[in-house]
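Peer 1:
In my numbering, the protein residues as written are 1 to 243.
1) Can you tell me whether residue 1 is buried or exposed? The criterion is at least 16 other CB atoms within 10 Å of its CB, across all chains shown.
2) If contact is defined by three or more beta carbon pairs under 8 Å, each pair taking one atom from either stretch, is the stretch 151 to 168 in contact with the stretch 92 to 107?
3) From 136, 67, 189, pick the residue whose C-alpha is nearest to that of residue 28; which is it?
4) Can you tell me which of the three DSSP states residue 12 falls into?
5) What span of residues does the alpha helix (DSSP H) with residue 178 cover, start to end?
6) State the Cα-Cα distance for the pair residue 232 and residue 181, rounded to the nearest angstrom.
7) Would you kindly check if the distance between the Cβ of residue 146 and the Cβ of residue 185 is under 8 Å?
8) Would you call residue 25 buried or exposed, if buried means 16 or more other Cβ atoms sit within 10 Å of its Cβ?
9) Kindly indicate the opening and closing residues of the alpha helix (DSSP H) around residue 132.
10) Quick one: measure Cβ to Cβ for residue 105 and residue 72, integer angstroms, because I've assumed they're closer than 8 Å.
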């Protein structure tokens, strides 16, 4: 669908429209699967001896499914069919789809990996649930406010102007600097940016402490190879600890 009006054959437009309309189906199924995965984790955690340490990494992965559905599925479907793409390409509805799909999917996936690795390496006294909680909600809500407060409504206004006055008129600087909606984007941007600071500080602190920590040695002074993780099995015959 990126090549509708690039001079290609008509079959390119037909195939692009078909797959653009059909991509909503697997994206919806992925969202349902992500929700089922979260529900399964909640049921398994009830009555567990220790809290699941990677809860926020899993929630970031779940947000990937949400933004995949909303950004790539819903907002992508709004602009990907040829009959509407002709009027919408280059408007802020395209940016609306791009922000939600790219940051929501690939960005949240990268944050999930960073949170997982940071939690994996962090000592208990270095980890902060509050900081990660703020990062999760600030980045997701900030992105949502950015979209609903600026990109989507201004894109709809641009689409109406395309139909009324023509594409050239909707691409003027006036729309890019629309007074009210330009300022309405500021809260979402600030919230989104502020959400990155706690995770950046926490991951940097954990990385530096891990790198600068002295290697453990035995009585003879030889280095001891530490395990990556510890597996605790139920007590009883054959029980073991440490892998």
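All C-beta atoms, glycine included, are put in the ideal place defined by N, C-alpha and C.
Predicted, not measured: the structure shown is a model, and the values here were computed from it.
Peer 2: In terms of the structure at hand:
1) Label assigned to residue 1: buried.
2) yes
3) 67
4) helix
5) Element bounds for residue 178: n/a, residue is neither H nor E.
6) The pLDDT assigned to residue 232 is 46, lower than 50, so where the model puts this residue is not dependable; a value taken from the coordinates is nonetheless given after this. If you take the alpha carbons of residue 232 and residue 181, they lie about 55 Å apart.
7) yes
8) The Cβ neighbour count for residue 25, taken over all protein chains shown within 10 Å, is under 16; the residue is labelled exposed.
9) 129 to 146
10) 6 Å
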